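I have placed the structure first, in the form of structure tokens, so that the comments after it can refer back to it.
Numbering (my numbering), first residue to last: 154 to 650.
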């Protein structure tokens with residue numbers, strides 16, 4: 154474990170350590186925000202290769218209050234009590250390995266903060282294990298990428314709440330600010346709550362990106378728009394309720410040209426990668442029985458995209474619909490796409506907050522849903538004006554079961570509904586895959602139906618497996634029927650479907 158340690162950084166008044174980032178990379182990514190608050194306040198840098206520390210002090214850190222340490226023990230000795238040590242290591246065993254090395258050097262009340270993309274169950278386990286040793290553990294979601302590091306990230310800390318007063322000033326100082334200077338950081342909840350919220354954030358990010366891709370696909374293959382045309386459309390959309398970081402960068406990507414004057418985007422291989430956090434969100438939704446369908450479809454869309462060679466072969470063998478040309482009003486349909494994107498986005502966030510609410514019930518967390526929306530309002534990849542509307546909804550009703558039941562979002566979806574349905578039906582007729590647009594609409598229709606055909610599923614389960622069912626007139630009373638009088642001799646209780 155010790156051999157994998159790269160660096161540690163504490164601040165002056167709230168001494169902190171940030172192990173395992175390259176020293177040169179740290180200051181480059183930190184930019185004005187982290188540099189101003191942490192580096193200028195006083196930082197102790199450590200790397201297993203002493204020459205790298207010396208080079209860092211002589212170049213990137215020259216003129217700052219950064220000091221160096223030649224060993225982990227020396228670095229820990231330079232931290233003020235209670236020590237605050239942030240781990241930026243790869244999720245999984247590397248975190249446990251580092252903690253194992255670090256704990257013997259610490260004292261009761263010292264604080265370890267995991268700022269990586271750890272699985273929330275691991276964070277819960279570490280909280281319990283370290284509390285037994287007198288160490289306070291915090292699992293903090295961190296979002297924003299390079300932009301967030303430069304201008305302030307979104308921070309989602311959770312774990313041992315006793316640690317919060319000792320790290321609050323630093324965390325809220327380096328976090329992104331919105332509105333009148335409100336920090337995109339606050340205490341999330343106990344144990345793995347911070348990393349769970351970050352996981353859901355990442356899942357929503359998958360959904361946002363896929364929805365934008367489906368809008369782009371419709372523009373390109375249904376409307377036949379050129380790249381500059383599409384870029385202009387996204388720029389205009391960014392002046393509406395879709396105002397967001399991802400819409401902004403999509404316009405920039407569509408405009409980008411190589412030195413030869415040709416657009417870069419068409420040359421990029423259409424096989425999307427993923428690090429797994431979207432999958433974690435979908436798995437959690439299945440575990441807790443929450444229909445987070447849009448994020449699930451976004452993950453599967455990436456999986457399908459990765460089958461590039463198979464798709465190339467299938468494109469030569471499988472026929473699509475005969476209708477492949479759009480004959481309607483191009484300008485009107487473009488506005489329909491925008492509305493379909495907005496309505497689908499509302500569904501995605503509604504589902505994400507449903508999962509947060511269910512997790513809070515499962516683990517006994519007290520989550521501030523409006524506060525979470527504010528944490529995502531700036532600094533992170535999904536930052537958008539839209540999140541302010543979510544905060545307002547939970548401010549109006551902290552017990553809101555679903556965003557669709559808030560008057561603002563109810564009206565917004567209803568106003569987009571005709572366009573949403575038109576876009577999906579047109580895309581289906583022409584043969585455009587729209588997994589997230591379609592699952593969003595299916596969820597909306599399912600959620601608004603008082604009666605779904607699940608009564609037939611219950612009857613089927615009772616028929617072949619004697620799993621029983623409830624009557625509408627007698628909820629809570631479970632009944633089994635002998636169905637074989639009119640359907641053959643079937644009797645079994647060995648199935649569990």
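Beta carbons are placed, not taken as given, at the ideal position from N, Cα and C, and that holds for glycine. Everything numeric in this text was worked out from a predicted model, so none of it was measured.
Opposite residue 198 in the DSSP bridges: which residues?
Residue 198 pairs with 221.
Quick one: give me the first and last residue of the beta strand (DSSP E) that residue 531 is part of.
Per DSSP, residue 531 belongs to no beta strand (DSSP E) and is neither H nor E.
For residue 476, the three-state DSSP class (helix, strand or coil)
Residue 476 falls in the coil class under three-state DSSP.
For residue 204, name the three-state secondary structure that DSSP assigns.
helix
Roughly how many angstroms lie between the CA atoms of residue 506 and residue 412, to the nearest whole one?
44 Å
Assuming contact is defined by CB atoms lying nearer than 7 Å, are residue 525 and residue 295 in contact in what I supplied?
no
Could you check if residue 465 is buried or exposed, using at least 16 other CB atoms within 10 Å of its CB as the buried criterion?
Counting Cβ neighbours within 10 Å, residue 465 comes out exposed, since fewer than 16 surround it.
Spatial neighbours of residue 309 within its chain, please: CB distance less than 7 Å, with the 5 preceding and 5 following residues excluded, ordered by chain position.
293, 294, 341, 347, 350, 351, 528
Would you tell me roughly how many angstroms separate the C-alpha atoms of residue 510 and residue 376, rounded to the nearest one?
Residue 510 and residue 376 have their alpha carbons spaced roughly 40 Å apart.
Euclidean distance between Cα positions of residue 574 and residue 516
38 Å
Note down, in chain order, each residue of its chain lying with its Cβ closer than 6 Å to the Cβ of residue 576, except the 5 sequence neighbours on either side.
Correct list, in chain order: 489, 490, 493.
State whether the stretch 440 to 451 contacts the stretch 359 to 372, with contact taken as three or more CB pairs (one from each stretch) at a distance under 8 Å.
Between the stretch 440 to 451 and the stretch 359 to 372, the count of Cβ pairs shorter than 8 Å is three or higher; the stretches touch.
Residue 267 (DSSP reduced to helix, strand or coil):
strand
Reduced DSSP secondary structure (H/G/I, E/B, other) of residue 348
Three-state result, residue 348: helix.
Here's the rule I'm using: 16 or more other beta-carbon atoms within 10 Å means buried, otherwise exposed. How should residue 339 be labelled?
buried
Express the C-alpha separation of residue 205 and residue 174 in angstroms, rounding to a whole number.
Confidence in residue 174 is poor, its pLDDT being 48 and thus under 50, which makes the residue's placement unreliable; the coordinate value appears in the next sentence. Going by the C-alpha atoms only, they are around 12 Å apart.
Which residues DSSP lists as bridging residue 343, in chain order:
Partner(s): 312.
Starting from the C-beta of residue 563, find all residues in its chain whose C-beta is less than 8 Å away, skip the five residues before and the five after it, and write them out in chain order.
Listed in chain order, the non-local C-beta contacts of residue 563 below 8 Å within the same chain comprise 557, local neighbours out to five positions each way being set aside.
Take residue 550 and list the residues in its own chain whose beta-carbon comes closer than 8 Å to its own, dropping the five residues that flank it on each side.
559
Can you tell me where the alpha helix (DSSP H) holding residue 506 begins and where it ends?
483 to 516
Any idea what DSSP makes of residue 295, helix, strand or coil?
strand
Please list, in chain order, all residues of the same chain as residue 391 whose beta carbon is under 8 Å from its beta carbon, the five residues on each side excluded.
In chain order, 397, 400, 401, 404 place their CB closer than 8 Å to the CB of residue 391, counting only its own chain and leaving out the 5 sequence neighbours on each side.
For residue 518, the nearest candidate out of 217, 258, 312 (CA to CA):
312
What three-state label does DSSP hand residue 239 in the structure shown?
It is a strand residue.
Note down the Cα distance separating residue 636 from residue 440, rounded to an integer number of angstroms.
Rounded to whole angstroms, residue 636 to residue 440 spans 32 Å at the Cα level.
Evaluate contact between the stretch 264 to 275 and the stretch 232 to 242, counting only Cβ atoms and requiring at least three cross-stretch pairs below 8 Å.
yes
By alpha-carbon positions, which one of 579, 290, 630 ends up nearest to residue 248?
290
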